[in-house]
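Participant: Structure below; questions to follow.
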Amino acid sequence: MLNNLTECEEGDGGPNSQGDATSKESSPFINSSTSDVEKSQQYDGKHMALFEEEMDTSPMVSSLLSSLANYSNLTQGSKEHEEAENNEEARKKTVQAPRMGTVMGVYLPCMQNILGVILFLRMTWLVGAGGVLGTFIIVFMCCSTTMLTAISMSAIATNGVVPAGGSYYMISRSLGPEFGGAVGICFYLGTTFAGAMYILGCIEILLIYIVPAAAVFKMEGLEGAEAEAALLNNMRVYGTIVLSFMAVVVFVGVKYVNKLALVFLACVILSILAVYAGVIKTSFDPPFFPVCLLGNRTLVSKGFDICAKTIEQGNATVTTKLWRAFCDSEFLNATCDEYFTDNNVTQIQGIPGITSGILAENLFSTFMEKNTILEKRGVPAVLDPEAPVTNSNRYVLADITSFFTLLVGIYFPSVTGIMAGSNRSGDLQDAQKSIPVGTILAITTTSFIYMSSVILFGACVDGVVLRDKFGEGVNGNLVIGTLAWPSPWVIVFGSFFSTCGAGLQSLTGAPRLLQAIARDSIIPFLRVFGHGKANGEPTWALLLTACICETGILIASLDAVAPILSMFFLMCYMFVNLACALQTLLRTPNWRPRFKFYHWALSLLGMSLCLTLMFLCSWYYAIVAMVIASCIYKYIEFCGAEKEWGDGIRGISLSAARYALMRLEEGPPHTKNWRPQILVLMSLDGEQSVEQPRLLSLTSQLKAGKGLTIVGACVEGTYLNNQPQAQTADQSLRKLMEVEKVKGFSQVVISSNLRDATSHLIQAGGLGGLRHNTVLVSFPKNWRQAEERHRCRNFIEVVRETTAAHLALLVTKNISAYPSNGERFTEGHIDVWWIVHDGGLLMLLPFLLRQHKVWRKCKIRIFTVAQMDDNSIQMKKDLMTFLYHLRFDAEVEVVEMHDSDISAYTYEKTLVMEQRSQILKEMHLTKNEREREIQSITDVSRGSIRRKHPSNLHPQRSIAEESVGGSSEEKPEEEVQLIQGKNATPTPTSPASPIAPTPAAVSPGEEVQMTWTDDIEKPNNPAVANPESIKDMFNMKPEWENLNQSNVRRMHHAQELNGVIVKKSKEAKLVLLNMPGPPKNRNGEENYMEFLEVLTEGLNRVLLVRGGGREVITIYS
595 MLNNLTECEE
605 GDGGPNSQGD
615 ATSKESSPFI
625 NSSTSDVEKS
635 QQYDGKHMAL
645 FEEEMDTSPM
655 VSSLLSSLAN
665 YSNLTQGSKE
675 HEEAENNEEA
685 RKKTVQAPRM
695 GTVMGVYLPC
705 MQNILGVILF
715 LRMTWLVGAG
725 GVLGTFIIVF
735 MCCSTTMLTA
745 ISMSAIATNG
755 VVPAGGSYYM
765 ISRSLGPEFG
775 GAVGICFYLG
785 TTFAGAMYIL
795 GCIEILLIYI
805 VPAAAVFKME
815 GLEGAEAEAA
825 LLNNMRVYGT
835 IVLSFMAVVV
845 FVGVKYVNKL
855 ALVFLACVIL
865 SILAVYAGVI
875 KTSFDPPFFP
885 VCLLGNRTLV
895 SKGFDICAKT
905 IEQGNATVTT
915 KLWRAFCDSE
925 FLNATCDEYF
935 TDNNVTQIQG
945 IPGITSGILA
955 ENLFSTFMEK
965 NTILEKRGVP
975 AVLDPEAPVT
985 NSNRYVLADI
995 TSFFTLLVGI
1005 YFPSVTGIMA
1015 GSNRSGDLQD
1025 AQKSIPVGTI
1035 LAITTTSFIY
1045 MSSVILFGAC
1055 VDGVVLRDKF
1065 GEGVNGNLVI
1075 GTLAWPSPWV
1085 IVFGSFFSTC
1095 GAGLQSLTGA
1105 PRLLQAIARD
1115 SIIPFLRVFG
1125 HGKANGEPTW
1135 ALLLTACICE
1145 TGILIASLDA
1155 VAPILSMFFL
1165 MCYMFVNLAC
1175 ALQTLLRTPN
1185 WRPRFKFYHW
1195 ALSLLGMSLC
1205 LTLMFLCSWY
1215 YAIVAMVIAS
1225 CIYKYIEFCG
1235 AEKEWGDGIR
1245 GISLSAARYA
1255 LMRLEEGPPH
1265 TKNWRPQILV
1275 LMSLDGEQSV
1285 EQPRLLSLTS
1295 QLKAGKGLTI
1305 VGACVEGTYL
1315 NNQPQAQTAD
1325 QSLRKLMEVE
1335 KVKGFSQVVI
1345 SSNLRDATSH
1355 LIQAGGLGGL
1365 RHNTVLVSFP
1375 KNWRQAEERH
1385 RCRNFIEVVR
1395 ETTAAHLALL
1405 VTKNISAYPS
1415 NGERFTEGHI
1425 DVWWIVHDGG
1435 LLMLLPFLLR
1445 QHKVWRKCKI
1455 RIFTVAQMDD
1465 NSIQMKKDLM
1475 TFLYHLRFDA
1485 EVEVVEMHDS
1495 DISAYTYEKT
1505 LVMEQRSQIL
1515 KEMHLTKNER
1525 EREIQSITDV
1535 SRGSIRRKHP
1545 SNLHPQRSIA
1555 EESVGGSSEE
1565 KPEEEVQLIQ
1575 GKNATPTPTS
1585 PASPIAPTPA
1595 AVSPGEEVQM
1605 TWTDDIEKPN
1615 NPAVANPESI
1625 KDMFNMKPEW
1635 ENLNQSNVRR
1645 MHHAQELNGV
1655 IVKKSKEAKL
1665 VLLNMPGPPK
1675 NRNGEENYME
1685 FLEVLTEGLN
1695 RVLLVRGGGR
1705 EVITIYS
């Protein structure tokens, strides 16, 4: 038995999961599971020992071929799998699919759907209004559109097995769930409104041509709008009754509809043959259908019996009913209508015959305004232009305003129905052969019928009869019926039954289409319509279809409903052509249609024709249809349809992505286009869960869904052994990204150590030109502790590697204090401390943050540092000018820092830092030994100071506190830059330059006092020193003289700068400042971390920023 090959594609839910794209489709690759005992028996003695372990995913070729040979689809309307699987008895019964060939399965159903109500009720009127030439152009355009669509559909239908579902299946699997759902709903609405159109046509035939007396709202004696309203109300009443009856028939059983289908088709064929027979008969014996004219105006035949004003009876002249209709009495001296008096009554032949030459008169269009009188060309009439029209109810009037585009919209539904064969694909013996041949043959046949009908109608029937939509001038006969042989009733009853059959077919097919869409689960709120009766009949879908169909019935006008369904069908056909063109142009490997007579240019031409016809029919209906389709598309996209159908849209996305990536390779982005493309380095715990989720919150706030985001994590181990942990970690990242609304990619790297894995992420993240330019990482917590030493080293290596790779670096300190996406700051400041110019990233970040709702209410403050010889006032003006040109709104403040003596506390802190580093460098101790050694150094330092200064000299934290709990490794003397640049001593900049200078030494005045005051509040800080003890500390100068003066100076600068920042920005919601450069060698890493700690001490949320070495902001547009 063949095992399930699609498990790897179906996700965790297995083959019956909701997200499975093919769970409802019969597939040769889906079979029941096999037990281990059966497997051993299955492969025993089959020379498959080498492949036994792979049989779960790679079956034997013989099993595969056997399953393919026995593959069959469910029939449309038969019992469905979903209900049958829940019924034990239904499981035992096998459903045999009936086999139909090309003629019965495709050709005749297409013929029945294409030839219908428009041919019988509107075709003659279209020829009369549009003329033979205009109508022929319309027919040719519409038939060309359907032929091109049929060619595209044939290519798609022969590219693999098409299960029951037909056109919807083809579109959705070719264009993806979003387009598939949108077009599927449009096709469903088109089919539903087609049902309404057929029912309205049925009622029109019934009330106007068969039993006019059955009208509920009587129209006799009514004129104008009142008569029109009565007709529409009759259509609504009877339409609702007929719709209810048809819905009940479909609900009771579709088998009755299928049994009557041949009867309805026979009615259509007989009616068409009767028309052709009548045309042939007119060549030698035209039928007698007189039309009465008053002047050149056509008269309503029901108002008189004789087409004359007076007749001779004996020796007397007697007036007729026509006289009494226009005069106030029956006497010859009566006062009559002026037009009636001035013009003669003539009688013409309504059907002069094919040899009469009437074709020349009907060659060109005759468009009419609503309620204008139907007039015959070439007949003279006496008319006073200023005289008002009287007795208009006696004439045949135009019921609607006609124009070319209206005729297109009314005619197009007559060529729809080309999908009838593909919708029955489950019933066909060989769908890949029958669908192309049957559909194209049906379109060819019907196109010939329509085109020949246009010419024959124009050649046989007089223009006034053609433009008489309801046959009021020919005794209320159906106009096409007047041409038929042997009797007009052949056409009347034939068209009546054909419209009934077409309405039933629409009410049968539309609910099944909706059920197929609902069962695909791509539109969540439609899932209820996927259920039905025990035999699979779509009950709920039928109910919804009837309700939508009723809206078309309430419109009540066939001419108004026809353009609506034209829109939906045209949109469906347009996307069929698009699907074929995309698959052909993309050269998808799976695109191998058996039907070879297609070309992408034909598909694009068909798509263009569909779009043109949509706007020709009705531009506002076209826009409404597109809006509906767009809303459904965005809704499916928003809900996240988890389907992978190998669709063409995915293919075009890949091609577009490849093209865009190749373009990006041409060079780096311009400064105006630069945005942070962020690589977020996440740390994981032992359960592969994210330790710092707020890092992704900050990413979301910083990106706002724009640009590239890669969320990376590292797993220690080997790929073969630790792949499950990596998958777990990837799922954790994706889940958190979804929660934090971070749009991007997750990437988990497995390596033998975390340092190399992080390096791999930084080096290999992204693809081609779409790579990260910024790395976001959190400052290591508790880095002094021995067990966290590896995080400290990894962090410094990240700083070094980003610097070497010219990547920007963002380091968050106290990340747990950062706001989540749900929080809002109603006030506060984002403070930027601009120490050195790093390309402008420091200025750009607060602007990006303020785009997010969390930071939107915060104001930006920019601080820069002035030296002794700087003009701080001019610096502030220059900086404000610079910000004005950058279009940034921010407060500006220049902080003056003066030279000052180095405090005793700075010497002591540097001394302890260097002693610790030196000892650990000389002694290669174990971790425990190092911790004991550090503690001893701490105790000695503390004792030395206490013996000389019993009152605890300095207000800052004691040397002991800086060392307690801190584990350190080799820390020799080194040169560490506090701020970027080679020189430790700051260099002032020109007053005209907007670039801020590097910091100078800060005086130990009020700024340092601010730091002391802050630290006094900490519980372990010593008491405040008195001046005498400070003097005594300077007696320790011999110990300090051996210190690295560069480290002392950097520690002093860090403390002074920290004091200024704390004083100005302690209450700020976020502080951004330049991050010092990394150590240039492997020594002194701990010193670097100490400098960063001192620099950011006393601040709540800090974002350290290092530029990537290029300008990222510009003042130019």
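Everything in the sequence shown is counted per the numbering used here, starting at 595 for the first residue and increasing by one. Ideal placement from N, C-alpha and C gives every residue a C-beta, glycine not left out. All values derive from a computational prediction rather than experimental measurement.
Beta carbon of glycine 1103, beta carbon of threonine 785: below 7 angstroms?
Facilitator: Here residue 1103 corresponds to residue number 509 of the sequence shown, with the count starting at 1. Here residue 785 corresponds to residue number 191 of the sequence shown, with the count starting at 1. Yes.
Participant: On the premise that isoleucine 1304 lies in contact with histidine 1400, defined as a C-beta separation below 8 angstroms, what is that separation, rounded to the nearest angstrom?
Facilitator: Stepping through the sequence shown from its first residue, residue 1400 is reached at position 806. Stepping through the sequence shown from its first residue, residue 1304 is reached at position 710. That belief does not hold up - the Cβ atoms of histidine 1400 and isoleucine 1304 are roughly 17 angstroms apart, past 8 angstroms.
Participant: Could you tell me the boundaries of the alpha helix (DSSP H) in which glutamine 1468 lies?
Facilitator: Here residue 1468 refers to the residue found at position 874 when the sequence shown is read from its first residue. First-last of the alpha helix (DSSP H) with glutamine 1468: 1466 to 1480.
Participant: Short check: CB of alanine 1078 to CB of glycine 710, under 7 angstroms?
Facilitator: Counted from its first residue, the sequence shown places residue 1078 at position 484. Counted from its first residue, the sequence shown places residue 710 at position 116. No; because the gap between Cβ atoms is not below 7 angstroms, this pair is not in contact.
Participant: Give me the Cα-Cα distance between asparagine 1017 and arginine 830, rounded to the nearest whole angstrom.
Facilitator: Position 423 of the sequence shown, counted from the start, is the residue given in the question as residue 1017. Position 236 of the sequence shown, counted from the start, is the residue given in the question as residue 830. About 30 angstroms.
Participant: Residues in its own chain within less than 8 angstroms of proline 806 by CB, not counting five upstream and five downstream?
Facilitator: Here residue 806 refers to the residue found at position 212 when the sequence shown is read from its first residue. Contacts found: Gly1070.
Participant: Among Leu801, Ala1025, Val777 and Gly728, which residue has its Cα nearest to the Cα of methionine 694?
Facilitator: Taking the first residue of the sequence shown as position 1, residue 694 is located at position 100. Minimum Cα distance to methionine 694 is reached at Ala1025.
Participant: Leaving out five residues before and five after leucine 1196 in sequence, what residues of the same chain have Cβ atoms less than 7 angstroms from its Cβ?
Facilitator: Translated into the one-based positions of the sequence shown, residue 1196 becomes position 602. Cβ within range, chain order: Leu742 and Ile745.
Participant: Which value, in whole angstroms, describes the spacing of the CA atoms of glutamate 1687 and glutamine 1177?
Facilitator: Within the sequence shown, the letter at position 1093 stands for residue 1687. Within the sequence shown, the letter at position 583 stands for residue 1177. In a straight line, the C-alpha of glutamate 1687 is about 59 angstroms away from that of glutamine 1177.
Participant: Rounded to a whole number of angstroms, what is the C-alpha to C-alpha distance between proline 1080 and valine 873?
Facilitator: Here the question's residue 1080 lines up with position 486 in the sequence shown. Here the question's residue 873 lines up with position 279 in the sequence shown. Distance between the alpha carbons of proline 1080 and valine 873 is about 11 angstroms.
Participant: Ignoring anything shorter than 3 residues or poking outside the region 1107 to 1191, list the beta strand (DSSP E) runs there in chain order.
Facilitator: The qualifying runs do not exist here; there are none.
Participant: Between the alpha carbons of glutamate 1395 and valine 1369, how many angstroms are there, rounded?
Facilitator: Here residue 1395 corresponds to residue number 801 of the sequence shown, with the count starting at 1. Here residue 1369 corresponds to residue number 775 of the sequence shown, with the count starting at 1. So the alpha carbons of these two residues sit roughly 10 angstroms apart.
Participant: When DSSP labels each residue in this structure, what does cysteine 930 get in the three-state scheme?
Facilitator: Sequence index remark: in the sequence shown, residue 930 carries index 336 (1-based). Looking at cysteine 930 - three-state DSSP - the assignment turns out to be strand.
Participant: Span of the alpha helix (DSSP H) holding serine 738?
Facilitator: Residue numbering aside, residue 738 sits at position 144 when the sequence shown is read from its first letter. Unbroken alpha helix (DSSP H) run through serine 738: 717 to 751.
Participant: Tell me whether the region 1263 to 1272 and the region 1242 to 1254 touch, counting them as touching only if at least three CB pairs, one residue from each stretch, are closer than 8 angstroms.
Facilitator: With the cut-off at 8 angstroms, the region 1263 to 1272 and the region 1242 to 1254 do not touch.
Participant: Which one of Val885, Val1343 and Ala808 has the shortest CA to CA distance from aspartate 588?
Facilitator: Residue 588 falls outside the range modelled here, since the chain spans only 595 to 1711, and no answer is possible.
Participant: Do the CB positions of lysine 1228 and phenylalanine 1419 come within less than 7 angstroms of each other?
Facilitator: Residue numbering aside, residue 1228 sits at position 634 when the sequence shown is read from its first letter. Residue numbering aside, residue 1419 sits at position 825 when the sequence shown is read from its first letter. For lysine 1228 and phenylalanine 1419, no; Cβs fall outside 7 angstroms.
Participant: Tell me the rounded alpha-carbon separation between methionine 747 and alanine 860.
Facilitator: Locating residue 747 in the sequence shown gives position 153, counting from the first residue. Locating residue 860 in the sequence shown gives position 266, counting from the first residue. Computed Cα separation, rounded: 27 angstroms.
Participant: Which residues in the same chain as serine 1587 place their Cβ atom closer than 6 angstroms to its Cβ, once the five residues preceding and following it in sequence are excluded?
Facilitator: On the sequence shown, residue 1587 is found 993 positions in, with the first residue counted as 1. Because the pLDDT of serine 1587 is 37, which lies under 50, any placement of that residue in the model is unreliable, and the number read from its coordinates should be weighed accordingly. Hits under 6 angstroms: none found.
Participant: If you draw a straight line from the alpha carbon of glutamine 1341 to that of leucine 1273, how long is it in whole angstroms?
Facilitator: Numbered from 1 along the sequence shown, position 747 holds the residue referred to as residue 1341. Numbered from 1 along the sequence shown, position 679 holds the residue referred to as residue 1273. For glutamine 1341 and leucine 1273, the distance between alpha carbons rounds to 10 angstroms.
Participant: Please look up how many angstroms separate the CB atoms of leucine 1290 and valine 1336, rounded, as I've assumed it's under 8 angstroms.
Facilitator: Here residue 1290 refers to the residue found at position 696 when the sequence shown is read from its first residue. Here residue 1336 refers to the residue found at position 742 when the sequence shown is read from its first residue. Going by Cβ atoms, the distance from leucine 1290 to valine 1336 rounds to 5 angstroms, so yes, they are a contact pair.
Participant: Mapping the DSSP letters down to three states, classify alanine 1036 as helix, strand or coil.
Facilitator: Here residue 1036 refers to the residue found at position 442 of the sequence shown. Looking at alanine 1036 - three-state DSSP - the assignment turns out to be helix.
Participant: For alanine 1484, tell me which candidate among Val1459, Asp1425 and Ile1467 has the shortest Cα-Cα distance.
Facilitator: The sequence position of residue 1484 within the sequence shown is 890, counting from 1. Closest option to alanine 1484, Cα to Cα, is Asp1425.
Participant: Taking buried to mean at least 16 other C-beta atoms within 10 Å of its own C-beta, is threonine 1581 buried or exposed?
Facilitator: For the purposes of this step, residue 1581 is taken as residue 987 along the sequence shown, with counting starting at 1. Model confidence at threonine 1581 stands at a pLDDT of 36, short of 50, so the residue's coordinates are unreliable; what they give is reported in the following sentence. Exposed, because fewer than 16 other Cβ atoms sit within 10 Å of the Cβ of threonine 1581.
Participant: Alpha carbon to alpha carbon, what distance is there between glutamine 1357 and leucine 1404?
Facilitator: Looking up residue 1404 in the sequence shown gives position 810. Looking up residue 1357 in the sequence shown gives position 763. Going from the Cα of leucine 1404 to the Cα of glutamine 1357 covers about 17 angstroms.
Participant: For threonine 729, is the classification buried or exposed, using 16 other Cβ atoms within 10 angstroms of its Cβ as the cut-off for buried?
Facilitator: By 1-based counting over the sequence shown, the position of residue 729 is 135. That one is buried.
Participant: Look at glutamate 1231 and glutamate 772 and say whether their C-beta atoms are less than 7 angstroms apart.
Facilitator: In the sequence shown, the residue the question calls residue 1231 occupies position 637. In the sequence shown, the residue the question calls residue 772 occupies position 178. Yes, the Cβ-Cβ distance between glutamate 1231 and glutamate 772 is below 7 angstroms.
Participant: Tell me whether phenylalanine 1087 sits in a helix, a strand or coil according to DSSP, three-state version.
Facilitator: By 1-based counting over the sequence shown, the position of residue 1087 is 493. In this structure, phenylalanine 1087 counts as helix in the three-state DSSP scheme.
Participant: Starting from methionine 1201, trace the alpha helix (DSSP H) both ways and give me its first and last residue.
Facilitator: Mapped onto the sequence shown, residue 1201 falls at position 607. Counting along the chain, the alpha helix (DSSP H) containing methionine 1201 begins and ends at 1194 to 1211.
Participant: Considering just the uninterrupted stretch of the beta strand (DSSP E) at asparagine 1668, what are its terminal residues?
Facilitator: Taking the first residue of the sequence shown as 1, we reach residue 1668 at position 1074. Counting along the chain, the beta strand (DSSP E) containing asparagine 1668 begins and ends at 1664 to 1668.
Participant: Label asparagine 1171 either buried or exposed according to how many other C-beta atoms from any shown protein chain fall within 10 Å of its C-beta, with 16 as the threshold for buried.
Facilitator: Against the sequence shown, residue 1171 aligns to sequence position 577. Under this definition asparagine 1171 is a buried residue.
Participant: Apply the 10 Å Cβ neighbour rule to isoleucine 948 and answer buried if 16 or more other Cβ atoms are within range, or exposed otherwise.
Facilitator: By one-based count along the sequence shown, residue 948 stands at place 354. Buried: at least 16 other Cβ atoms inside 10 Å.
Participant: CB-CB under 6 angstroms to glutamate 1691, same chain, minus the five flanking residues each way: which ones, in chain order?
Facilitator: Taking the sequence shown and counting its residues from 1, one reaches residue 1691 at position 1097. Within the same chain, glutamate 1691 has close Cβ partners Asn1652.
Participant: Is alanine 1648 buried or exposed, if buried means 16 or more other CB atoms sit within 10 Å of its CB?
Facilitator: Mapped onto the sequence shown, residue 1648 falls at position 1054. By the 10 Å Cβ count, alanine 1648 comes out buried.
Participant: Nearest to glutamate 1490 by CA position, among Ile1467, Leu1477, Phe1482 and Asn1668, is which residue?
Facilitator: As a working note, residue 1490 is residue 896 in the sequence shown. Residue Ile1467 is the option with its Cα nearest to glutamate 1490.
Participant: On a Cα-Cα basis, can you pick out the residue from Phe1457, Lys1470, Gly1434 and Glu1421 that is closest to arginine 1450?
Facilitator: The count along the sequence shown starts at 1 and reaches residue 1450 at position 856. Of the candidates Phe1457, Lys1470, Gly1434 and Glu1421, the one whose C-alpha sits nearest the C-alpha of arginine 1450 is Glu1421.
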